[in-house]
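The opening residue of the sequence shown carries number 1 in full-length UniProt numbering; numbering runs sequentially from there. I have placed the structure first, in the form of structure tokens, so that the comments after it can refer back to it.
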Amino acid sequence: MKQTFYKYQGTGNDFVMIDNRHLTFDKNDTNYVKFLCNRRFGIGADGLILLERHNDFDFKMVYYNADGNESSMCGNGGRCIVAFAKFLGIIEKTTTFEAIDGTHHAKIEADHVQLQMQNVSTIEKFDSHVFLNTGSPHHVQMESDLQALNIKESGSNIRYGSPYHQSGTNVNFVSKISDDKFSVRTYERGVEDETLSCGTGVTAVALAMNYLGETDKNLISLNTEGGELKVTFKKKGGGYSDIWLIGPAIQVFKGTI
Ligand SMILES: N[C@@H](CCC[C@H](N)C(=O)O)C(=O)O
1 MKQTFYKYQG
11 TGNDFVMIDN
21 RHLTFDKNDT
31 NYVKFLCNRR
41 FGIGADGLIL
51 LERHNDFDFK
61 MVYYNADGNE
71 SSMCGNGGRC
81 IVAFAKFLGI
91 IEKTTTFEAI
101 DGTHHAKIEA
111 DHVQLQMQNV
121 STIEKFDSHV
131 FLNTGSPHHV
141 QMESDLQALN
151 IKESGSNIRY
161 GSPYHQSGTN
171 VNFVSKISDD
181 KFSVRTYERG
191 VEDETLSCGT
201 GVTAVALAMN
211 YLGETDKNLI
221 SLNTEGGELK
231 VTFKKKGGGY
241 SDIWLIGPAI
251 QVFKGTI
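Below you can see the structure in the form of structure tokens.
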């Protein structure tokens with residue numbers, strides 16, 4: 001049977017998007033998801049997202065990495081599925097939906113999506129990096145020359161190394177541009193390579209930079225290889241709440257495979 005799909009991207013983090021409200025997609029077929037995400041033999045994407053019905057909220061998001069496995073929260077994917085829900089006529093300007101890390105509120109205006117992320121109460125500080133979970137696990141490390149880095153090699157060493165090993169982490173390398181602007185390059189677990197942008201990653205970077213005292217601003221611009229994202233938050237005690245990830249979410253094309 002032919003599968004209808006849509007392709008979306010949010011600052012170059014790209015997704016195969018499937019309307020699964022009739023539950024026709026085989027969610028246990030890891031190889032099929034991997035094939036659809038393959039850039040040479042399939043459609044090509046960093047991940048695949050199913051939009052499903054939900055009893056209490058507007059819809060449910062189910063996210064798979066390009067390796068075919070269901071994974072933790074995807075921030076850019078979350079912004080893209082909001083644009084997809086609007087395209088399908090499920091929502092208008094605001095929404096509440098469920099993802100693997102809980103419920104999310106979002107707002108959409110033209111191609112611009114603001115997505116509320118889960119509160120973060122724990123940030124672990126080490127000599128060379130910080131670690132936090134913004135829906136997905138993130139290692140955040142400052143670097144003086146981002147462009148000189150081999151992200152795939154350095155990211156993979158950290159992702160598979162101690163203490164992360166098989167369960168892994170995403171790895172973000174960061175350079176400070178100014179008090180409210182940082183450049184970020186991310187190695188993504190499950191893609192096992194650099195992606196052009198990572199939404200939970202830049203969220204982690206914004207909070208980590210505030211936590212480390214690199215900025216006292218609460219509206220941060222993050223330059224990724226695929227464009228600019230913004231993150232706003234409130235700081236209370238040692239934790240962060242009212243966290244919003246803001247940026248474009250674009251439908252690229254529709255197809256069948
Ligand atoms: N691209 C994502 C992160 C997706 C999840 C990640 N690969 C993982 O397995 O942790 C984003 O925009 O947040």
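From the three backbone atoms N, C-alpha and C, an ideal C-beta is built for every residue, glycine too.
T30 in three-state terms, based on DSSP: As a working note, residue 30 is residue 30 in the sequence shown. Three-state DSSP puts T30 in a helix.
Host beta strand (DSSP E) of K86 (start-end): Here residue 86 refers to the residue found at position 86 of the sequence shown. Residue range 75 to 87 is occupied by the alpha helix (DSSP H) that includes K86, with no beta strand (DSSP E) assigned at that position.
I123 vs A208 beta-carbon contact at 8 Å: Translated into the one-based positions of the sequence shown, residue 123 becomes position 123. Translated into the one-based positions of the sequence shown, residue 208 becomes position 208. Yes, the Cβ-Cβ distance between I123 and A208 is below 8 Å.
Y6, DSSP secondary structure in three states: Here residue 6 refers to the residue found at position 6 of the sequence shown. If DSSP states are grouped into helix, strand and coil, Y6 belongs with the strands.
Candidates T11, Y240, F5, of which the one nearest N133 by Cα: Here the question's residue 133 lines up with position 133 in the sequence shown. The residue from T11, Y240, F5 with its alpha-carbon nearest to that of N133 is Y240.
Proximity of I151 and E194 at Cβ, strictly below 8 Å: The count along the sequence shown starts at 1 and reaches residue 151 at position 151. The count along the sequence shown starts at 1 and reaches residue 194 at position 194. Yes. Within cutoff.
For L146, three-class secondary structure by DSSP: Counting from one through the sequence shown, the residue named residue 146 turns up at place 146. If DSSP states are grouped into helix, strand and coil, L146 belongs with the helices.
Supposed contact pair V113 and R79 - C-beta distance, whole angstroms, cut 8 Å: By one-based count along the sequence shown, residue 79 stands at place 79. By one-based count along the sequence shown, residue 113 stands at place 113. Indeed, because the Cβ distance is near 4 Å, the residues count as touching under 8 Å.
Extent of the continuous alpha helix (DSSP H) run through E194: For the purposes of this step, residue 194 is identified with residue 194 of the sequence shown, where counting begins at 1. Careful: E194 lies outside any alpha helix (DSSP H), inside the beta strand (DSSP E) at 193 to 195.
Distance CB(V20)-CB(E52) smaller than 8 Å: Residue mapping note: residue 20 aligns to position 20 of the sequence shown, counting from 1. Residue mapping note: residue 52 aligns to position 52 of the sequence shown, counting from 1. For the sequence presented, residue 20 should be read as Asn rather than Val. Their beta carbons are under 8 Å apart, which means N20 touches E52 by this criterion.
Rounded C-alpha distance that separates N55 from S178: The residue you call residue 55 lines up with position 55 of the sequence shown. The residue you call residue 178 lines up with position 178 of the sequence shown. Each residue's Cα considered, the two are about 45 Å apart.
Nearest neighbour of Q141, chosen from Q118, V120, T169, F173 [CA to CA]: As a position in the sequence shown, residue 141 is number 141, starting the count at 1. The closest CA to that of Q141, considering only Q118, V120, T169, F173, is found on F173.
Any non-hydrogen atom of ligand 1 closer than 7 Å to R39 Cβ: Taking the sequence shown and counting its residues from 1, the one referred to as residue 39 is at position 39. For ligand 1, not one heavy atom lies less than 7 Å from the Cβ of R39.
Pair within 8 Å by beta-carbon distance, E214 and S175: As a working mapping, residue 214 is identified with position 214 in the sequence shown. As a working mapping, residue 175 is identified with position 175 in the sequence shown. One thing to note: E214 has its Cβ no nearer than 8 Å to the Cβ of S175.
Touching by the beta-carbon criterion (3+ pairs, under 8 Å), the stretch 213 to 228 and the stretch 96 to 112: With a cut-off of 8 Å, the stretch 96 to 112 and the stretch 213 to 228 do not count as touching, because too few Cβ pairs lie within range.
Pair within 8 Å by beta-carbon distance, H97 and G47: The sequence position of residue 97 within the sequence shown is 97, counting from 1. The sequence position of residue 47 within the sequence shown is 47, counting from 1. Correcting the residue identity first, residue 97 is Phe in this sequence and not His. It is not a contact, given that the beta carbons lie outside the stated cut-off.
Beta-carbon proximity list for G201, same chain, < 6 Å, skipping 5 on both sides: Here residue 201 refers to the residue found at position 201 of the sequence shown. H138, N170, N172, T186, listed in sequence order.
F57 - DSSP class collapsed to helix/strand/coil: The residue you call residue 57 lines up with position 57 of the sequence shown. Secondary structure of F57 (DSSP, three-state): coil.
Pair within 8 Å by beta-carbon distance, V33 and Y64: Stepping through the sequence shown from its first residue, residue 33 is reached at position 33. Stepping through the sequence shown from its first residue, residue 64 is reached at position 64. The answer is yes: Cβ separation under 8 Å.
Span separating the alpha-carbon of L149 from that of C74: For the purposes of this step, residue 149 is taken as residue 149 along the sequence shown, with counting starting at 1. For the purposes of this step, residue 74 is taken as residue 74 along the sequence shown, with counting starting at 1. Rounded to whole angstroms, L149 to C74 spans 24 Å at the Cα level.
For G68 and E92, the rounded distance between their alpha carbons: Residue 92 sits at position 92 when you count from the first residue of the sequence shown. Residue 68 sits at position 68 when you count from the first residue of the sequence shown. Using only the alpha carbons, I get a separation of about 31 Å.
Same chain, Cβ closer than 7 Å to D180, neighbours up to 5 away in sequence not counted: What you label residue 180 is simply residue 180 of the sequence shown in a count that begins at 1. Sequence-distant partners of D180 (beyond 5 residues in either direction) whose C-beta falls short of 7 Å from its own C-beta, in its chain, are T215, K217, L219, I220, S221.
Length of the line joining the Cα atoms of T94 and P248: Counting from one through the sequence shown, the residue named residue 94 turns up at place 94. Counting from one through the sequence shown, the residue named residue 248 turns up at place 248. Our two residues, T94 and P248, have alpha carbons roughly 15 Å apart in a direct line.
Closest Cα partner of L196 within the set A110, Q9, K27, D242: Counting from one through the sequence shown, the residue named residue 196 turns up at place 196. It is Q9 whose Cα lies nearest to the Cα of L196.
Contact test: P248 Cβ vs ligand 1 heavy atom, cutoff 7 Å: Working through the sequence shown from its first residue, we reach residue 248 at position 248. Relative to ligand 1, P248 has its C-beta separated by 7 Å or more from all heavy atoms.
Same chain, Cβ closer than 7 Å to Y6, neighbours up to 5 away in sequence not counted: Position 6 of the sequence shown, counted from the first residue, corresponds to residue 6. Once the five neighbours on either side are set aside, the close Cβ partners of Y6 are M17, F84, Q251, K254.
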